[in-house]
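Below is one structure, written out as structure tokens; comments come after it.
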Amino acid sequence: MTFHLPTNAAAEGIPAHSPAELADLRARVDALNMRYRHHGAVSVLTGALRDPEAGDIALVSSFGAESVALLHLVAMIDRTTPVLFIDTRLLFGETLAYQQDVAERLHLSNVRIIRTDSATLQAQDPNDDLRDASTDACCTLRKTVPLENALQGFDGWITGRKRFQSSTRAALEFFELEDTTGRIKVNPLAHWAPEDVRAYMDENRLPRHPLVSQGYPSIGCWPCTSKVAPGEDARAGRWRGEQKEECGIHFENGRMVRKGPST
């Protein structure tokens with residue numbers, strides 16, 4: 093299923109929450125973290141999908157280098173879980189093929205392919221070179237705003253973020269609150285180490301993204317992803333040479349992360 097979304101509706105669609113509502117949401121998040129503090133990824137994920145306190149949840153997946161582990165966990169619990177996949181129209185062909193293969197193998201029945209509509213792209217990036225002027229603006233046009241539109245109606249979303257991935261994620265909790273949207277963000281793999289991901293993929297014989305073996309341990313859009321040399325950080329190939337480490341989809345304390353070199 094493919095959804096073509098305009099990019100001018102997100103700001104209008106973000107609900108305004110009163111201080112009292114935000115305080116109540118924070119209390120819910122704190123309670124969820126307390127409830128699941130000694131649990132593992134499966135229990136956290138099951139709770140997120142079934143606990144009334146978590147609300148209506150979608151999984152957001154890039155179908156990247158490590159995505160298949162979380163997708164497999166979700167498929168074991170509920171294959172009808174909405175899975176949001178953002179096709180920026182700048183993804184590697186290998187990623188698009190891998191997305192279809194994984195969805196079929198895992199029998200995921202509610203994958204939603206999200207794209208910015210062609211008219212908006214023509215208006216805002218007519219020469220397909222916005223990324224050369226501003227990668228932030230390109231990410232906003234092709235990823236951040238379309239995702240925000242796609243998440244309307246959901247109380248929260250599941251991510252594959254992990255503490256080991258960067259300094260900004262070192263204290264990552266299982267459950268977080270996005271103050272800007274009032275949505276709960278769920279990070280069931282927060283405590284997993286790289287070897288945990290590899291072991292899980294090996295034990296369950298999950299297919300690897302074909303670009304990983306070619307030197308791409310972290311995979312985004314092809315213009316902004318390069319190979320990583322031995323000894324480099326896994327995310328060194330993302331937006332190489334720029335002071336940028338996130339595409340803007342993830343927020344820290346209600347603000348987009350825009351600091352430091354890629355991680």
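Using this note's numbering, the letters of the sequence shown correspond one by one to residues 93 to 355. Glycine included, each C-beta is placed from N, C-alpha and C at the ideal position.
With respect to the 9 Å criterion, E186 and M293 are not classified as neighbours on the basis of their beta carbons. About 6 Å separates the beta carbons of E145 and L124, which is inside the 8 Å limit, making them a contact pair.
CA-to-CA, the gap between F246 and P322 works out to about 40 Å.
The alpha-carbon of V203 is positioned some 10 Å away from that of R171.
If you look at G329, you'll find it isn't in any alpha helix (DSSP H); DSSP assigns it neither H nor E. Taking 9 Å as the cut-off, the Cβ atoms of I178 and L239 count as close. Taking I250 as reference, the option from M126, P111 and A133 with the minimal CA-CA separation is A133. Straight through space, the alpha carbons of H131 and Q216 are spaced by roughly 45 Å.
Counting only runs of 3+ residues, the beta strand (DSSP E) found wholly inside the region 120-191 occupies 149-152 and 175-178, in chain order. Secondary structure note for R297: it is in no beta strand (DSSP E), with a DSSP letter that is neither H nor E.
Contact annotation: the region 288-303 does not touch the region 261-274, with fewer than three C-beta pairs closer than 8 Å. R204: member of the beta strand (DSSP E) spanning V203 to T208, first to last residue. Close CB contacts of V121 within its chain, under the 7 Å cut and outside five residues either way in sequence, are with F267, E268, L269 and I276 (chain order).
Straight through space, the alpha carbons of N279 and R255 are spaced by roughly 10 Å. If you draw a 10 Å sphere on the C-beta of G329, you find 16 or more other C-beta atoms in it, and that means buried. Under a 10 Å Cβ-count criterion, D221 is classified as exposed, with fewer than 16 other Cβ atoms of the shown protein chains found around its own Cβ. Judged by beta-carbon spacing, L233 lies within the 9 Å limit of T212, meaning their Cβ atoms are closer than that value. Between L182 and P315, the gap from beta carbon to beta carbon is short of 9 Å. The straight-line gap separating the alpha-carbon atoms of E334 and R223 is approximately 12 Å.
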